[in-house]
Amino acid sequence: MAAIELSGVSFRYPGSTGEAIENLSLNVDDKATHALLGASGAGKTTMLNLLSGLLLPTSGRILFGDRDVSAVPAAKRNVAQVFQFPVLYPRMNVLENLVFPLCNNGWKKLDAAARALEIAKELGIEIVLEANVSALTLFERQLVAIGRALVRPDVALVLLDEPLTSVQPELKWRLRRTLRKVQADLGVTMIYVTHDQTEALTFASAVSVMHGGHILQTGSPMEVHDHPEHEYVGFFIGSPGMNFVKAEVKRGAVRVNGTALASTDHAEGECTVGFRADWAMLAPDGLPVEITGFRPDAVQNGMPVGIASLKHDGNRLHVRAEGLIAPGPSHVQLKHHMLFREGRRVA
Amino acid sequence: MLALDAITLRAGDPPLNHVFTDAAITVVLGANRSGKTLLCRVIAGLTSPHSGELLLDDAPLASYLERPVALVTQSFVNYPAWTVADNIASPLTARGVARSVRDTKARDIARKLGLEALLHRYPHELSGGQQQRVAIGRALAKGARVLVLDEPLVNLDYKLREALREELRGLLVAEGLTVIYTTTDPVDAFAMAHDVVLMEDHGFVQSGAPLDVYRQPKSFTAAALMSEPTVNALSDGKTVGAIRPEHVRLTRPGDGAVKELQLLVEEVETNGTHTFIHGLVGRDGWIVKVEGMVRAEIDRPLQVWVREADILRFESH
Amino acid sequence: MLPEQHNNRAWFAVLPVVFIVAFSGVVPLMTVVNYSVQDILDVNTRFFVGFDWYRDALRDERLHEAFLRQLMFSFTVLIVEVPLGILVARCISRSSRWTPFVLVLLAVPLLVPLNVVGTIWQIFARGDIGLLGAALNGLGIEFNYTQVPLHAWITLVLMDVWHWTSLVVLLAFAGLSAIPPVYYQAAALDGASRWQIFRHIELPHLRSVLLIAVLLRLMDSLMIYTEPLVLTGGGPGNTTTFLSQYLATMAVGQFDLGPAAAFSVIYFLVILLLCWLFHTMVVSREP
Numbered sequence: 019m020a021a022i023e024l025s026g027v028s029f030r031y032p033g034s035t036g037e038a039i040e041n042l043s044l045n046v047d048d049k050a051t052h053a054l055l056g057a058s059g060a061g062k063t064t065m066l067n068l069l070s071g072l073l074l075p076t077s078g079r080i081l082f083g084d085r086d087v088s089a090v091p092a093a094k095r096n097v098a099q100v101f102q103f104p105v106l107y108p109r110m111n112v113l114e115n116l117v118f119p120l121c122n123n124g125w126k127k128l129d130a131a132a133r134a135l136e137i138a139k140e141l142g143i144e145i146v147l148e149a150n151v152s153a154l155t156l157f158e159r160q161l162v163a164i165g166r167a168l169v170r171p172d173v174a175l176v177l178l179d180e181p182l183t184s185v186q187p188e189l190k191w192r193l194r195r196t197l198r199k200v201q202a203d204l205g206v207t208m209i210y211v212t213h214d215q216t217e218a219l220t221f222a223s224a225v226s227v228m229h230g231g232h233i234l235q236t237g238s239p240m241e242v243h244d245h246p247e248h249e250y251v252g253f254f255i256g257s258p259g260m261n262f263v264k265a266e267v268k269r270g271a272v273r274v275n276g277t278a279l280a281s282t283d284h285a286e287g288e289c290t291v292g293f294r295a296d297w298a299m300l301a302p303d304g305l306p307v308e309i310t311g312f313r314p315d316a317v318q319n320g321m322p323v324g325i326a327s328l329k330h331d332g333n334r335l336h337v338r339a340e341g342l343i344a345p346g347p348s349h350v351q352l353k354h355h356m357l358f359r360e361g362r363r364v365a
Numbered sequence: 002m003l004a005l006d007a008i009t010l011r012a013g014d015p016p017l018n019h020v021f022t023d024a025a026i027t028v029v030l031g032a033n034r035s036g037k038t039l040l041c042r043v044i045a046g047l048t049s050p051h052s053g054e055l056l057l058d059d060a061p062l063a064s065y066l067e068r069p070v071a072l073v074t075q076s077f078v079n080y081p082a083w084t085v086a087d088n089i090a091s092p093l094t095a096r097g098v099a100r101s102v103r104d105t106k107a108r109d110i111a112r113k114l115g116l117e118a119l120l121h122r123y124p125h126e127l128s129g130g131q132q133q134r135v136a137i138g139r140a141l142a143k144g145a146r147v148l149v150l151d152e153p154l155v156n157l158d159y160k161l162r163e164a165l166r167e168e169l170r171g172l173l174v175a176e177g178l179t180v181i182y183t184t185t186d187p188v189d190a191f192a193m194a195h196d197v198v199l200m201e202d203h204g205f206v207q208s209g210a211p212l213d214v215y216r217q218p219k220s221f222t223a224a225a226l227m228s229e230p231t232v233n234a235l236s237d238g239k240t241v242g243a244i245r246p247e248h249v250r251l252t253r254p255g256d257g258a259v260k261e262l263q264l265l266v267e268e269v270e271t272n273g274t275h276t277f278i279h280g281l282v283g284r285d286g287w288i289v290k291v292e293g294m295v296r297a298e299i300d301r302p303l304q305v306w307v308r309e310a311d312i313l314r315f316e317s318h
Numbered sequence: 009m010l011p012e013q014h015n016n017r018a019w020f021a022v023l024p025v026v027f028i029v030a031f032s033g034v035v036p037l038m039t040v041v042n043y044s045v046q047d048i049l050d051v052n053t054r055f056f057v058g059f060d061w062y063r064d065a066l067r068d069e070r071l072h073e074a075f076l077r078q079l080m081f082s083f084t085v086l087i088v089e090v091p092l093g094i095l096v097a098r099c100i101s102r103s104s105r106w107t108p109f110v111l112v113l114l115a116v117p118l119l120v121p122l123n124v125v126g127t128i129w130q131i132f133a134r135g136d137i138g139l140l141g142a143a144l145n146g147l148g149i150e151f152n153y154t155q156v157p158l159h160a161w162i163t164l165v166l167m168d169v170w171h172w173t174s175l176v177v178l179l180a181f182a183g184l185s186a187i188p189p190v191y192y193q194a195a196a197l198d199g200a201s202r203w204q205i206f207r208h209i210e211l212p213h214l215r216s217v218l219l220i221a222v223l224l225r226l227m228d229s230l231m232i233y234t235e236p237l238v239l240t241g242g243g244p245g246n247t248t249t250f251l252s253q254y255l256a257t258m259a260v261g262q263f264d265l266g267p268a269a270a271f272s273v274i275y276f277l278v279i280l281l282l283c284w285l286f287h288t289m290v291v292s293r294e295p
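Quick mapping for you: the protein sequence lines, in order, are chains A, B and C. Note that my numbering numbers the first sequence so that position 128 is 146, with each residue one more than the last. Note that my numbering numbers the second sequence so that position 314 is 315, with each residue one more than the last. Note that my numbering numbers the third sequence so that position 72 is 80, with each residue one more than the last.
This is how it looks when you write it as structure tokens:
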């Protein structure tokens with residue numbers, strides 16, 4: 019059963035001309051971790067607010083299980099959210115922060131405290147329950163904020179808005195691990211919004227790549243990386259992103275300015291050939307390029323390996339290479355490729 | 002030629018000596034609070050060093066009437082009420098250069114930075130990446146010989162940083178400036194630097210070409226700084242070994258002597274291109290970097306191998 | 009921040025400020041201190057009397073009354089202006105295009121000269137032709153601030169509230185605007201009531217800005233002079249004679265320079281003490 023179902027959802031901000039979200043459909047499985055991945059301006063924040071009920075869709079339906087919540091405001095949706103930085107009630111201690119959502123929903127003080135303690139133990143913050151939140155580190159504060167999101171047992175959905183942003187880089191993975199652990203233990207549905215591919219691919223069991231108010235592709239981390247359905251998905255996922263070169267299919271081969279790069283049985287005509295940095299190599303012949311730089315990222319068996327930056331027809335390309343790569347003219351050959359037409363993958 | 006002659010940043014700090022290569026990019030790599038920003042401020046003349054002297058072509062930098070140093074900081078600093086064109090031309094305005102000359106120069110620089118279409122916009126109408134380009138344009142317009150960039154890309158999204166880094170390198174090399182570029186990210190050093198200077202606790206740890214520093218770090222600290230993510234430690238009492246995450250293997254390497262270790266997996270991170278496995282070897286936190294997307298069971302032990310030749314050994318204190 | 013090299017010439021840059029502070033603050037104050045220990049009969053005849061004037065001043069019944077009146081007045085206006093200011097600030101939309109206009113309009117009373125404020129309210133509250141006074145009398149309520157002390161007080165407090173609440177509004181509005189919107193979103197998801205949002209989010213975030221508002225209003229109200237002088241002249245009787253007016257009567261009206269000077273010093277110290285107490289007990293306890 020889908021825990022969350024969006025069908026044909028559109029949203030337009032009052033006074034603006036275009037749709038921020040346009041005819042968007044999405045299924046999120048029950049008890050799943052789902053990531054919305056995209057650059058700033060892709061519509062992620064609007065999606066968050068539509069899911070939490072801070073914004074109501076101009077058209078389309080949002081279902082939580084069997085319940086149509088399209089017109090239900092935030093307070094009645096049983097949704098919790100964790101923000102980029104820890105949003106806590108500043109003059110309360112940790113326990114008071116944790117029981118706050120429960121007491122607002124008619125829980126008795128004692129029951130609420132028992133539940134808060136349970137969640138605090140799950141997150142490993144039971145020893146700071148009495149501390150004022152201003153005395154905690156950013157890491158601990160964000161744990162408390164996560165605790166407040168998870169404390170209501172009836173919560174239908176937990177939204178995470180780049181929750182690791184304010185945490186020190188070397189502690190990020192610890193917080194993410196804790197998040198995943200509590201998600202598994204408590205069996206809540208989580209939607210994780212981020213511009214960071216590592217966050218999305220690491221945290222979620224399913225990833226939706228967003229661009230311009232649309233979802234371009236939804237799939238497992240492996241799928242969106244290995245089989246991008248869309249040029250943008252290929253570009254956005256992976257480091258560096260996928261390379262694209264204008265090409266045409268003619269006489270059974272993918273050709274760039276006449277040079278055959280790979281054989282194909284695809285229909286003739288114009289297309290874009292896409293390849294990842296490690297699907298290509300520098301070679302004596304092939305696609306002519308100009309090497310502009312080399313960024314080693316390791317030395318393996320005494321040999322530097324890394325990413326060579328190339329220029330082809332004013333386009334920047336990246337190819338994985340070995341050895342000391344000097345600037346100058348060279349060629350690229352493809353071991354593997356994908357074909358795109360009008361942005362969509364065809365082969 | 003810019004040189005640091007026994008500069009100490011604060012009382013009690015070690016003296017810094019370095020000659021920056023002319024018309025080249027020197028990346029100063031160090032953790033947060035290692036003194037990078039203070040060094041930038043000293044070179045830019047915003048702060049006096051505690052002792053020592055800065056020399057440009059063997060003349061004290063302090064003796065120049067107008068200091069030939071431009072500074073770009075990590076926050077995007079522009080004049081909010083001025084257009085992109087006026088912002089870029091602002092160092093010329095301060096010198097009383099005629100309007101027509103200023104405009105030509107500003108357009109010239111904007112073209113190099115890909116800002117030509119935005120000349121009449123205001124900073125608040127631009128994206129972060131564009132704002133930082135304007136700030137860099139302003140520094141170029143100053144016509145200084147030395148350009149100091151203090152973590153210029155740190156506040157940008159990951160994808161943008163990737164693109165701008167390459168673009169910036171091409172531009173700076175073409176301008177023939179002596180560039181000092183600070184960062185916490187060794188990837189920046191590999192991507193941009195002719196020379197890299199490692200910095201810790203307000204002192205220099207090591208300097209040299211990026212690959213040389215990577216291959217022959219003088220100390221554990223140097224190895225850790227020039228590694229993304231940081232190195233793993235393997236101690237055997239007398240010496241401490243540093244092992245780079247990319248040198249820990251999930252299959253037994255065929256050649257040479259190898260060490261076999263058990264890693265208790267704590268978390269598996271991936272960006273699609275690489276997978277980072279965090280875990281414990283004994284009581285030390287380790288990170289393993291492998292190519293592609295690799296699965297590993299969390300909270301389970303994982304067999305890993307390290308070639309003896311890949312272990313960088315240092316005396317432990 | 010960082011230890012930097014010292015340049016001793018920099019001290020010269022500070023000299024103008026030293027002169028200005030000396031001539032505007034220290035020198036006049038010292039003159040007053042000098043007067044306060046002398047008996048001045050005329051310009052050439054004066055005797056040193058030590059702390060006699062201080063002793064007299066501290067035993068002066070009328071001064072005690074004025075002091076109590078002063079405290080009561082300051083306390084009353086604070087009690088009214090601060091909550092009212094917060095309330096008004098919360099009613100102003102943060103994103104409307106009318107917001108700047110509303111803020112400017114609110115600031116208008118702050119721009120009115122003090123004696124004009126007094127005059128406005130003197131006319132406004134008059135029982136025969138004043139809009140407020142005549143209206144009240146028309147409703148059958150006998151209102152006469154020149155005869156009834158309570159009415160005089162009500163008029164004074166109303167006037168001060170009209171004059172100064174905008175200051176609290178502007179400060180509170182700035183404080184409210186600085187609260188990140190995510191706090192409100194979180195509260196909405198937690199099902200917090202309007203009162204809880206105020207109590208647990210807005211008030212804690214407003215704390216430092218409100219402390220400044222209270223401090224400013226406390227100092228200012230302790231020094232109030234012009235408005236009551238114009239409005240009631242301190243009457244009826246002495247019921248609206250506050251410290252500063254009592255002092256002026258002494259110094260200018262009776263030319264008791266010595267006692268007036270002693271009293272000035274006490275007055276100054278009282279204000280300083282109150283503000284210092286407020287600062288150490290409340291402001292500096294900020295985490």
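Idealized CB from N, CA, C, for every residue including glycine. Note that the structure is predicted; figures quoted are calculated from it, not measured.
For residue 121 (chain B), same chain residues with a beta-carbon under 6 Å away, outside a window of 5 residues either side, are 84 in chain order.
CA-CA distance, residue 352 (chain A) to residue 248 (chain B), rounds to 27 Å. Residue burial is scored here from C-beta neighbours: residue 62 (chain A) has at least 16 other C-beta atoms within 10 angstroms and is therefore classed as buried. For residue 124 (chain B), no beta strand (DSSP E) run applies, since DSSP gives it neither H nor E. Within chain A, the residues 313, 314, 315 and 324 have their CB atoms less than 8 Å from the CB of residue 191 (chain B), given in chain order.
Contact annotation: in the stretch 111-131 of chain A, residues whose CB is within less than 8 Å of a CB in chain C are 118, 119, 122 and 123.
Bridge partners of residue 236 (chain A) according to DSSP: A:226. In the DSSP annotation of this structure, the continuous segment of the alpha helix (DSSP H) that includes residue 226 (chain B) starts and ends at 221-226. Between residue 267 (chain B) and the set B:255, B:281, B:254 and B:274, the nearest pair of CA atoms involves B:281. DSSP, read as helix, strand or coil, puts residue 106 (chain A) in coil. Among the CB atoms of chain A, none fall inside 7 Å of the CB of residue 189 (chain C). Proximity of residue 183 (chain C) to chain A, defined by a Cβ-Cβ separation below 7 Å, is not satisfied. Residue environment analysis places residue 152 (chain B) among the buried positions, since at least 16 neighbouring C-beta atoms fall within 10 angstroms of its C-beta. Residue burial annotation: residue 35 (chain B) is buried, with at least 16 other C-beta atoms found within 10 angstroms of its C-beta. Restricting attention to A:196, A:33, A:218 and A:280, the CA atom closest to the CA of residue 357 (chain A) is found in A:280. Nearest C-alpha to residue 184 (chain C) among C:103, C:78, C:97 and C:121: C:97. The beta carbon of residue 93 (chain A) sits closer than 7 Å to some beta carbon of chain C. Shown here, residue 6 (chain B) sits in a strand according to DSSP, grouped into three states. Remark: fewer than three beta-carbon pairs, one from each stretch, lie closer than 8 Å, so the stretch 243-255 of chain C and the stretch 128-136 of chain C are not flagged as touching. The C-beta of residue 216 (chain A) comes closer than 7 Å to at least one C-beta of chain B. Under a 10 Å Cβ-count criterion, residue 72 (chain C) is classified as exposed, with fewer than 16 other Cβ atoms of the shown protein chains found around its own Cβ. Contact between the stretch 22-38 of chain B and the stretch 337-354 of chain A is absent: fewer than three C-beta pairs spanning the two stretches fall below 8 Å.
The beta carbon of residue 204 (chain A) does not come within 7 Å of any beta carbon belonging to chain B, so the residue lies off that interface. By the Cβ criterion, the stretch 112-121 of chain A is in contact with the stretch 141-148 of chain A, since at least three pairs of Cβ atoms, one from each stretch, lie closer than 8 Å.
Taking a contact to require three or more Cβ pairs closer than 8 Å, the stretch 275-293 of chain B and the stretch 207-217 of chain B do not qualify as touching. If you check each beta-carbon in the stretch 150-162 of chain B against every beta-carbon of chain A, the ones closer than 7 Å belong to 158, 159 and 160. For the C-beta of residue 199 (chain C), the chain A residues within less than 7 Å are, from N- to C-terminus, 93, 119, 122 and 123.
Comparing alpha-carbon positions, the option among A:185, A:65 and A:347 lying closest to residue 302 (chain A) turns out to be A:347.
Neighbours of residue 107 (chain A) across chain C, judged by C-beta separation under 7 Å: 208 and 209. Straight-line measurement puts the Cα of residue 120 (chain A) at about 21 Å from the Cα of residue 197 (chain A). Residue 199 (chain B) is positioned such that its CB atom lies closer than 7 Å to that of residue 223 (chain B). If you compare the alpha carbons of A:269, A:239, A:48 and A:327 with that of residue 296 (chain A), the shortest gap goes to A:327.
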